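Reviewing the structure listed below.
Residue numbers (my numbering): 404 to 748.
In structure tokens form, the structure reads like this:
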């Protein structure tokens with residue numbers, strides 16, 4: 404049998420470059436692919452500007468592997484950018500990185516890997532996959548500061564069987580050191596923290612350009628219906644937000660609800676912001692098997708949120724009720740709630 408073939412999603416950064424080098428060192432036949440994605444205006448997408456594409460190409464040349472650039476601008480605009488705008492218009496807070504993983508990286512790019520007759524697709528995510536008796540488990544990466552299993556919760560058994568995360572057993576510091584030792588020119592390259600497709604201004608400027616009809620001033624009420632002020636446009640606010648309300652009050656006020664039908668912002672105290680539960684939709688059980696009884700688990704309601712104790716009650720229609728042991732502040736419609744049992748997602 405020949406060597407196993409793997410396609411590596413290369414962004415020109417230290418993580419994906421080191422992932423490609425590690426797989427080559429382990430004996431895989433490696434193919435590098437960089438995705439050219441949609442960007443707002445003449446500037447390039449921050450995930451794949453020309454200099455990043457050229458850096459990925461340079462790393463591929465150093466490693467001696469084939470390298471391709473694929474244009475996914477159309478699908479990215481449809482599945483990620485339009486979703487991003489529509490969620491804000493609906494009064495929800497989107498997570499475009501999750502949409503990109505679901506529809507672009509682990510759908511289109513995985514299909515492209517198969518078209519290239521590759522056995523696997525690899526990325527630079529800090530997470531681990533473990534096979535147990537023919538079933539695949541998604542585990543946290545070992546670096547608690549870089550751990551990225553939260554953004555991979557949507558993966559299926561079929562997808563996991565064709566994925567490799569080479570960096571899951573390393574810390575970020577170790578990855579940079581590996582890159583230095585292997586002579587990769589990306590060892591000190593900084594990470595981008597912004598939304599990759601917004602190249603002019605911030606997300607507010609972006610929404611003014613792409614959803615101007617949704618940017619309308621409107622009333623700010625408290626829970627009793629008392630008028631407290633005027634907001635600048637619902638898409639500029641998210642549940643739990645405190646800054647930018649401009650309301651003089653005896654105690655701190657937070658956004659506790661967004662009423663799209665009335666174009667109204669509802670604010671309240673920290674106590675009013677806290678909730679004991681939520682309804683989760685489009686629930687993905689990575690095992691492929693829906694539980695028949697309630698589960699006591701740890702839960703995260705945002706990427707950077709701490710894990711908290713919760714009970715998941717499976718419901719019909721791919722939904723679940725989630726009850727937290729202690730009330731949580733800032734449960735935000737549009738975000739993902741991800742569950743853990745120890746290290747396993």
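C-beta: ideal position from N, C-alpha, C; glycine also.
Every value quoted in this text rests on a predicted model; they were computed, and no experiment measured them.
- Within a 10 Å sphere around the beta-carbon of residue 514 sit fewer than 16 other beta-carbons, which makes this residue exposed.
- The C-alpha of residue 516 is placed about 39 angstroms away from the C-alpha of residue 642.
- Membership of residue 633 in any alpha helix (DSSP H) is not indicated; the residue belongs instead to the beta strand (DSSP E) covering 630-634.
- Our two residues, residue 557 and residue 619, have alpha carbons roughly 34 angstroms apart in a direct line.
- Judged by their CB atoms, residue 632 and residue 570 are not nearer to each other than the 8 angstroms cut-off.
- In the structure shown, residue 438 adopts extended strand secondary structure according to DSSP, grouped into three states.
- Selection 534, 565, 541 evaluated against residue 508 yields 565 as nearest (Cα-Cα).
- With 16 or more other CB atoms across the displayed protein chains lying within 10 angstroms of its CB, residue 703 is buried.
- For residue 497 against residue 737, the beta-carbon gap comes to about 5 angstroms, under 8 angstroms, which counts as contact.
- A straight-line Cα-Cα distance of about 10 angstroms links residue 407 and residue 429.
- Collapsing the DSSP output to three states places residue 477 in a helix.
- About 5 angstroms separates the Cβ atoms of residue 525 and residue 411, confirming a contact at the 8 angstroms cut-off.
- Around the beta carbon of residue 696, fewer than 16 other beta carbons lie within 10 angstroms, which makes this residue exposed.
- Rounded to the nearest angstrom, the gap between the Cα atoms of residue 745 and residue 611 is 43 angstroms.
- Between residue 552 and residue 542, the CB-CB gap stays under 8 angstroms.
- Per DSSP, residue 549 lies in no beta strand (DSSP E) segment and is marked neither H nor E.
- Restricted to the region 631-665, the beta strand (DSSP E) segments that are unbroken, complete and at least 3 residues in length are 657-662, listed in chain order.
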